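Below is one structure, written out as C-alpha cells, with a few remarks after it.
Numbering (the numbering used here), first residue to last: 1 to 627.
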C-alpha cells in the first residue's frame with residue numbers, strides 16, 4: 001500500500017520547472033530526416049546556445065530574445081527547442097512566422113513534423129496529421145493547453161488574428177517591409193502578445209545590408225552580447241573575429257587563428273574546449289527585458305563548418321561582390337556595407353580598359369546577349385534605340401562587344417528593321433567561330449510600349465523578349481514570362497508576347513560590386529570580371545557609374561537602399577548592361593547553371609552550319625514562349 005501511495009503522489013506531483021536547454025537535453029530527439037547528427041539533443045555540442053535558449057524559459061524575466069547568428073551554428077534548432085518546450089512544458093498559444101507562407105509550410109513538414117514524431121513527449125501531445133479531427137494541419141497544431149500557429153510574414157491575416165503568448169519570428173531580414181498595407185510584419189506579430197505579462201518573443205535572422213537590416217536594428221536595441229572564449233595560447237578571453245583567421249597564400253589547409261592578445265597562432269582542434277569554457281558578455285546597457293546575441297560561423301562545432309571551409313569559401317568569392325556579400329551575411333553574421341558603390345568612378349574604370357577591338361569577340365566568349373533601351377517615341381525630342389551587345393563566359397565573366405544607337409522614332413518601322421539586322425548578324429570570334437545573339441531584351445517601360453510588344457511578338461524566333469523593371473527590391477534577376485496578349489475571352493494567347501520582369505536593383509547590386517573589383521585590381525580573367533574594349537571612352541563609363549545607392553525611408557519607417565540617378569546624368573549604357581545580364585539569366589531557366597557553359601561551348605564548336613547555336617532560328621518560332 002505504501003508503495004502504491006508513493007507512486008500515486010509521485011504521479012500527481014507537479015513536474016519540476018525546467019529551462020529550455022534542460023528540457024532539450026532531457027527530452028528532445030533529433031530526427032535523421034532533419035539533422036546531420038540524429039539522436040538526443042546535447043547542449044554541450046553547442047554551448048553558446050544555452051544562454052539564448054534559457055532566456056526563453058518561463059523562469060527568466062527576459063521577454064524578447066534577438067539572435068543575429070551565422071549559418072551552421074544551430075540557430076534553427078534553438079527555435080525548434082523553444083517550440084517543443086512550449087508544447088510540452090509551458091503550454092499556451094504560440095505563433096511561428098517564416099518569411100513566406102510557402103516557407104512556413106516547409107518548416108511544418110520538414111522540421112516540426114519530424115520533431116513531433118521523434119520526441120516521445122511531443123508525440124503524446126500532438127496528434128498525427130492523418131488522424132481524423134486531430135487538430136494537426138500544416139499551419140495549426142493543437143496540443144493540451146495551447147495551439148501552435150504557423151504563417152508567413154506576407155500574410156496580414158495570419159499576423160493579426162488571435163492573441164499569442166509566444167512569438168517566434170525567423171529570418172526577419174527576408175520579411176517584406178510592409179504586409180498588405182498594414183505595416184511592419186514583426187511589429188504586427190509582436191502586438192499579438194501585448195496582453196500577456198510573461199510573454200516571450202524570439203527574433204532570429206542572418207543579417208543583410210547595413211542600415212537596412214532588421215535584425216541589426218533589433219540587436220542594437222538589446223544588450224548585444226558576444227561569446228567570449230579563452231585563447232589556448234595565453235588564456236585571455238576574446239570573441240572570434242574573421243580578421244584573425246590567417247593562412248598561407250592560396251593554401252587554406254594552413255589556416256590558424258592569431259590571438260589578438262599575444263600574437264600566437266593555434267589550430268581549430270582547440271575549439272571544442274574553447275566553446276565549453278566560453279561565456280556571453282554584454283556590450284551595451286541592458287534594459288532587463290531584451291537580450292541580444294551575436295555569433296558568427298567561426299564558432300561552429302567541429303564537424304559542422306570548419307575554418308578551412310571558411311577560407312576556401314572566401315577565396316572563391318573575394319572577387320565577386322554578390323558572393324562576398326553572402327559570405328559576410330551568412331558566415332560572419334555581419335551586415336554588408338553598400339557605400340562601396342558610391343565610390344565608383346569613371347576614371348578608375350578607364351584605367352583597366354582591355355586591348356581587344358570593338359565588334360570583335362574574344363575566344364573565351366560562348367554566349368552573346370543584347371540589351372535595348374527604348375528612348376522617346378511619338379515625337380519627343382530624343383528618339384532612338386540604344387543597345388549594347390555583351391559576351392559571356394564561364395563564371396559570368398563578361399566582355400563588352402559593341403554598343404551604339406539607332407536614331408529614329410520607335411513608333412516607326414525603320415528603327416526596328418535596323419535592330420533586326422543587328423540581331424541576325426553573325427559575330428566572329430578571334431578563332432573564326434561564329435556566334436549569334438541568343439537573347440535580346442527590349443525595355444517596354446517607356447513611351448513606346450505597344451511598338452515594343454509588336455516587335456517582340458513578331459521576332460520571338462530570334463530570341464527577342466519584352467522586359468520591364470520590377471518596382472520592388474529583392475526580386476530575381478528575371479522572372480518567368482507572363483503573357484500580356486489576351487483574346488476576347490480574356491485568356492492568354494499562346495503565341496502572343498510574354499513580358500519578363502527584371503529585378504533591376506538586384507542586378508545593379510551585382511554589377512556595381514563587380515565593377516568595384518574591376519576598379520581595384522589589375523586586368524585579369526576571373527569569375528564576374530567585366531571587360532571593356534579599347535575604344536570604350538570616358539562618356540561610356542560616366543553612364544554606367546551614373547547611379548548611386550542611397551537610403552530612403554519608406555512608409556513603415558525603415559531605411560531602404562534604392563538606386564538613384566545622379567543629377568543630370570545619363571544612364572542608358574547602365575540600363576543596357578542590366579538588360580543584357582537579365583537576358584543571360586533567362587538562359588538559366590532552360591539550362592542548369594553549372595552546365596550551361598559547357599553546353600554553349602560545344603554549340604560554338606559545331607561545324608555543321610545547319611545546326612546553328614541552338615537549332616532554333618527560323619525553325620522553332622515558339623522558342624522563347626516554350627521556356
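C-beta: ideal position from N, C-alpha, C; glycine also. Predicted model only: the values in this text are computed from it and were never measured.
{"Asked": "Does the Cβ-Cβ distance between residue 64 and residue 217 come in under 8 Å?", "Found": "no"}
{"Asked": "Given that a residue counts as buried once 16 or more other Cβ atoms are within 10 Å of its Cβ, and exposed if not, what is residue 505?", "Found": "buried"}
{"Asked": "Report buried or exposed for residue 327, applying the criterion of at least 16 other Cβ atoms within 10 angstroms of its Cβ.", "Found": "buried"}
{"Asked": "Contact check, residue 223 vs residue 165 under 8 Å by CB: the rounded distance?", "Found": "No, residue 223 and residue 165 are not in contact; Cβ-Cβ is about 23 Å, not under 8 Å."}
{"Asked": "Would you say the beta carbon of residue 48 comes nearer than 7 Å to a heavy atom of the ligand HEM?", "Found": "As presented, the structure is devoid of all ligands, the ligand HEM included, so that no description of it is given."}
{"Asked": "Measuring only the C-alpha atoms, how far is residue 20 from residue 294?", "Found": "19 Å"}
{"Asked": "If you follow the alpha helix (DSSP H) that residue 599 is in, where does it begin and where does it stop?", "Found": "596-604"}
{"Asked": "Between the segment 248-267 and the segment 199-211, can you find at least three pairs of beta-carbon atoms closer than 8 Å?", "Found": "no"}
{"Asked": "Using a threshold of 8 Å, state whether the C-beta atoms of residue 48 and residue 227 are closer than that.", "Found": "yes"}
{"Asked": "Using DSSP with H/G/I as helix, E/B as strand and the rest coil, what is residue 417?", "Found": "helix"}
{"Asked": "Do residue 150 and residue 108 count as a contact pair if the criterion is CB distance below 8 Å?", "Found": "yes"}
{"Asked": "Among 243, 241, 194 and 271, which has the Cα closest to the Cα of residue 232?", "Found": "271"}
{"Asked": "Where do the ends of the alpha helix (DSSP H) carrying residue 27 lie?", "Found": "20-27"}
{"Asked": "Count the other C-beta atoms from every protein chain shown that fall within 10 angstroms of the C-beta of residue 450, then say buried if there are 16 or more, exposed otherwise.", "Found": "exposed"}
{"Asked": "Mind checking who residue 358 pairs with in its DSSP beta bridge?", "Found": "Residue 358 is not bridged to any residue."}
{"Asked": "Would you list, in sequence order, the uninterrupted beta strand (DSSP E) runs of no fewer than 3 residues that lie entirely inside the segment 121-208?", "Found": "140-143, 146-152, 166-170 and 200-205"}
{"Asked": "Quick check on the burial criterion: 16 or more other C-beta atoms within 10 angstroms. Buried or exposed for residue 86?", "Found": "buried"}
{"Asked": "Are the CB atoms of residue 361 and residue 630 within a distance shorter than 8 Å?", "Found": "Nothing about residue 630 can be read from this structure; the chain reaches only from 1 to 627."}
{"Asked": "Give me, in chain order, the residues of the same chain whose beta-carbon lies closer than 6 Å to that of residue 200; leave out the 5 immediate sequence neighbours on both sides.", "Found": "56 and 166"}
{"Asked": "Mark residue 27 as exposed unless 16 or more other C-beta atoms lie within 10 angstroms of its C-beta, in which case mark it buried.", "Found": "buried"}
{"Asked": "Starting from residue 451 and walking both ways along the alpha helix (DSSP H), at which residues does that stretch end?", "Found": "449-458"}
{"Asked": "Going by CA-CA distance only, name the one from 251, 499, 547 and 479 that's closest to residue 452.", "Found": "499"}
{"Asked": "Under the rule that 16 or more other beta-carbon atoms within 10 Å means buried, what is residue 38, buried or exposed?", "Found": "exposed"}
{"Asked": "Which residues does DSSP pair with residue 254 in a beta bridge?", "Found": "Partner(s): none; residue 254 has no beta bridge."}
{"Asked": "Could you compute how far the alpha carbon of residue 572 sits from the alpha carbon of residue 544?", "Found": "8 Å"}
{"Asked": "Can you look up residue 634 in the DSSP assignment and give me helix, strand or coil?", "Found": "The structure shown has nothing for residue 634, since the chain only spans 1 to 627."}
{"Asked": "Could you pull the DSSP bridge partners for residue 407 from this structure?", "Found": "384"}
{"Asked": "Alpha carbons only, please: which of 330, 182 and 411 is nearest the one belonging to residue 444?", "Found": "411"}
{"Asked": "For the segment 70-89 against the segment 106-126, do three or more pairs of beta-carbon atoms, one drawn from each stretch, fall closer than 8 Å, so that the two count as touching?", "Found": "yes"}
{"Asked": "Between residue 187 and residue 252, which are expected to be in contact by the criterion C-beta below 8 Å, what is the C-beta distance as a whole number of angstroms?", "Found": "Not quite, the Cβ-Cβ distance comes to about 43 Å (not below 8 Å), so this is no contact."}
{"Asked": "Closest by CA to residue 61, which one among 198, 405, 465 and 473?", "Found": "198"}
{"Asked": "Return helix, strand or coil for residue 442, following the three-state DSSP convention.", "Found": "strand"}
{"Asked": "Can you look up residue 351 in the DSSP assignment and give me helix, strand or coil?", "Found": "coil"}
{"Asked": "Taking the alpha carbon of residue 376 as the reference point, which residue from 526, 415, 202 and 92 has its own alpha carbon closest?", "Found": "415"}
{"Asked": "Starting from residue 101, trace the alpha helix (DSSP H) in both directions and tell me its first and last residue.", "Found": "101-107"}
{"Asked": "So within the segment 529-584, which uninterrupted alpha helix (DSSP H) runs reach at least 4 residues, ignoring any that extend past its ends?", "Found": "538-544"}
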